[in-house]
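With positions in the sequence shown counted from 1, the corresponding number in this note's numbering is that position plus 8.
Below is one structure, written out as structure tokens, with a few remarks after it.
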Amino acid sequence: MAGMDRNRWPEFVGIRRLVTTQGIIGKEIKARPSLAAPDWRPMRELADRMGKEWLTDLVVYRGSRLYQVSDPNIWAVPSRRLFT
């Protein structure tokens, strides 16, 4: 898998991601109890550009709901769900 490097995706170098043999999982962490569209906009742009390499994105936040915030496959995940 090609993954993400500075030459291929220079505007997305700061985005955290997990590269697997099946594809790429993006991660964004927010310290707020609620989310808004700007919180996942960079991930959506990257997912659109990467196509089939992109699997999903997890936006971790301090709220209480687990829900899909956007296509393609972008999810809001309460931080407490990761550690309990």
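Even glycine gets a Cβ: it sits at the ideal position worked out from N, Cα and C.
query                                                                                                            : result
Option in Q30, T29, R25 with minimal Cα separation from I37                                                      : R25
Under 9 Å between C-beta atoms of I82 and A44                                                                    : no
For A84 and R70, believed in contact at Cβ under 8 Å, the rounded distance                                       : Contact doesn't hold; Cβ gap of about 11 Å is too wide.
Proximity of T28 and L63 at Cβ, strictly below 9 Å                                                               : yes
CB of W48 within 9 Å of CB of V77, strictly                                                                      : yes
Check whether G31 and E53 have beta carbons under 9 Å apart                                                      : no
Nearest-angstrom Cα separation, counted from G34 out to R89                                                      : 17 Å
Alpha carbon of A39 to alpha carbon of M51, nearest angstrom                                                     : 17 Å
Nonlocal neighbours in the same chain, by C-beta distance under 7 Å from P46, ignoring five residues either side : none
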